[in-house]
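Encoded as structure tokens, the structure appears first; notes follow it.
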Amino acid sequence: MILFVGELLADMIAEEPLDTAKHFEMKVGGSPGNIASYLSQLGVKARILSRVGNDIIGKRIINKLRQKGVDTSYIQIDKEYGTTLVFVQKTKDTPDFFVLRGADRFINLPNNDIFNGIKILHLSCWTISYNGLFKKIVSILGEAIKNRILIGFDPNCRDKIFKCDKIDIEKVKFILKHTNFCKPSLDDAVAIFGEKDYSLEDTIKYYIDKFHALGVKNIALTAGKFGAYVSDGKNTLHIPSNAKKVVDATGAGDGFWAGMYYGILNGKNFVESCKMGSKVSAHILKFVGADVELSNKIWE
Numbered sequence: 001m002i003l004f005v006g007e008l009l010a011d012m013i014a015e016e017p018l019d020t021a022k023h024f025e026m027k028v029g030g031s032p033g034n035i036a037s038y039l040s041q042l043g044v045k046a047r048i049l050s051r052v053g054n055d056i057i058g059k060r061i062i063n064k065l066r067q068k069g070v071d072t073s074y075i076q077i078d079k080e081y082g083t084t085l086v087f088v089q090k091t092k093d094t095p096d097f098f099v100l101r102g103a104d105r106f107i108n109l110p111n112n113d114i115f116n117g118i119k120i121l122h123l124s125c126w127t128i129s130y131n132g133l134f135k136k137i138v139s140i141l142g143e144a145i146k147n148r149i150l151i152g153f154d155p156n157c158r159d160k161i162f163k164c165d166k167i168d169i170e171k172v173k174f175i176l177k178h179t180n181f182c183k184p185s186l187d188d189a190v191a192i193f194g195e196k197d198y199s200l201e202d203t204i205k206y207y208i209d210k211f212h213a214l215g216v217k218n219i220a221l222t223a224g225k226f227g228a229y230v231s232d233g234k235n236t237l238h239i240p241s242n243a244k245k246v247v248d249a250t251g252a253g254d255g256f257w258a259g260m261y262y263g264i265l266n267g268k269n270f271v272e273s274c275k276m277g278s279k280v281s282a283h284i285l286k287f288v289g290a291d292v293e294l295s296n297k298i299w300e
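Structure below.
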């Protein structure tokens with residue numbers, strides 16, 4: 001079983017640029033919830049620790065996750081702050097977005113029984129974006145390490161999700177040094193380490209080396225249509241994109257995470273697991289939004 005800790009939210013998706021959009025389609029989301037939902041549909045047990053508002057959107061998110069088979073018993077209800085909203089422009093590339101942060105900032109520490117049966121703890125960068133929440137995550141991380149639970153960290157960091165409107169690199173470094181599995185996108189790497197005017201291969205190598213230097217053991221750096229670059233610290237392998245049809249990029253990275261975790265928990269090595277991640281990601285790209293149906297037929 002995997003324990004996901006992070007944001008649950010509603011994506012408000014527009015066809016038009018966000019500064020002129022008039023019509024939005026609501027999709028329940030949040031990266032940890034998306035990955036947990038995908039894994040549950042693929043037959044892997046998933047549990048989630050998060051916080052939503054005492055509102056119809058929060059209830060809708062919980063009901064949707066339950067329908068997918070996710071253990072929602074540790075999702076907290078906030079009676080003061082509403083469920084977080086993210087406004088997203090539909091695109092074939094990394095989506096533009098802005099955030100109205102709500103209840104996800106105020107996750108409370110759970111009882112230690114939350115770790116029962118857990119093999120991997122997955123953390124989102126959103127969990128370290130506020131000081132009070134970061135302190136709780138440090139406690140959760142320490143308990144997981146004590147229980148010999150592997151750590152996955154999604155460095156989906158952007159300036160706009162941090163309270164100070166700038167990525168707190170020291171907090172990111174603290175989590176990375178304990179990380180077994182990391183799947184940054186190229187955009188994530190640029191946001192954390194800055195843009196480089198190198199060739200694609202040299203840029204990829206630079207970012208992979210940076211993540212390894214900070215302590216990450218296994219890295220899958222995804223680069224959109226260029227596929228993924230996978231490294232265990234000794235060798236780097238390119239996995240071409242499996243995408244045949246691209247409608248919307250929302251949730252594609254979460255699909256990669258799900259396929260990768262599926263492979264890891266089913267005894268595959270990291271490279272083979274990332275190939276499975278690429279396959280799930282390609283399937284997600286064919287649909288609008290992250291709320292996509294999956295089954296084990298995807299491996300056929």
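Quick note on full-length UniProt numbering: the sequence shown kicks off at 1 and runs consecutively.
Don't be surprised by glycine CBs; every beta carbon is placed ideally from N, CA and C.
These numbers were taken from a predicted model, which means no experiment stands behind them.
Which residues in the same chain as residue i place their Cβ atom closer than 7 Å to its Cβ, once the five residues preceding and following it in sequence are excluded?
i, result
"P240", "G227"
"D188", "P155, N156, C157"
"I107", "L49, S50, R51, Q76, L133, K136"
"R105", "Y130, L133"
"K173", "L214"
"R60", "V28"
"Y81", "G53, G102, A103, F106"
"V216", "L176, T179, C182"
"F193", "Y207, K210"
Following the continuous beta strand (DSSP E) through residue i, name the residue where it begins and the one where it ends.
i, result
"V5", "2–5"
"V25", "The sequence given here has Glu at residue 25, not Val. That run of the beta strand (DSSP E) goes 25–29."
"I75", "75–78"
"D154", "150–154"
"L100", "97–100"
"L8", "Looking at the DSSP string, L8 is not in any beta strand (DSSP E), and its letter there is neither H nor E."
"S124", "120–124"
Taking the C-alpha atoms as reference points, what is the distance between residue i and residue j?
i, j, result
"A103", "N218", "32 Å"
"I48", "I120", "12 Å"
"W257", "G224", "14 Å"
"G30", "S124", "10 Å"
"K171", "V138", "10 Å"
"S37", "K64", "9 Å"
"V230", "G259", "14 Å"
"G58", "I204", "38 Å"
"D197", "K210", "16 Å"
"S278", "R101", "30 Å"
"I167", "D159", "5 Å"
"F24", "S185", "26 Å"
"G6", "L237", "30 Å"
"A10", "W126", "15 Å"
"E272", "K79", "44 Å"
"A46", "A144", "16 Å"
Between which residues of its own chain and residue i is the CB-CB distance below 6 Å, once the five residues before and five after are set aside?
i, result
"D291", "K27"
"L285", "A243, V246, A252"
"I175", "F153"
"G233", "H212"
"A282", "N242, A243"
"A220", "K183, A228, V230, C274"
"F181", "G152, N218"
"A191", "C157, R158"
In this structure, how does DSSP classify residue i when only helix, strand and coil are distinguished?
i, result
"C182", "strand"
"R51", "strand"
"A36", "helix"
"D159", "helix"
"L42", "coil"
"Y229", "strand"
"A14", "strand"
"N218", "strand"
"I239", "strand"
"F87", "strand"
"D104", "helix"
Just curious, the alpha helix (DSSP H) that residue i is in, first and last residue?
i, result
"S281", "270–284"
"F256", "252–265"
"N63", "56–68"
"N131", "131–146"
"T203", "200–213"
"I175", "169–176"
For residue i, which residues from the same chain have a beta carbon less than 8 Å from its beta carbon, with the 5 sequence-adjacent residues on both sides left out?
i, result
"Q41", "K68, G69, E293, L294, S295"
"L265", "I2, V44, K119, I120"
"M276", "G259, M260, Y262, G263, K268, W299"
Does the beta carbon of residue i sit closer than 7 Å to a beta carbon anywhere in chain B?
i, result
"G58", "In the structure shown, chain B cannot be found, because there is only a single protein chain."
Next item on the list: Mind the definition here: the stretch 79–89 touches the stretch 130–142 only if three or more C-beta pairs lie below 8 Å; say whether that holds.
Entry: Counting Cβ pairs under 8 Å, fewer than three are found: no touch.
Check: Can at least three beta-carbon pairs, one atom from the stretch 106–117 and one from the stretch 151–164, be found at a separation below 8 Å?
Finding: By the Cβ rule, the stretch 106–117 does not count as touching the stretch 151–164, because fewer than three pairs are nearer than 8 Å.
Note to self: Check whether the stretch 65–75 and the stretch 9–21 are in contact - that is, three or more C-beta pairs closer than 8 Å.
What the structure shows: No contact exists between the stretch 65–75 and the stretch 9–21.
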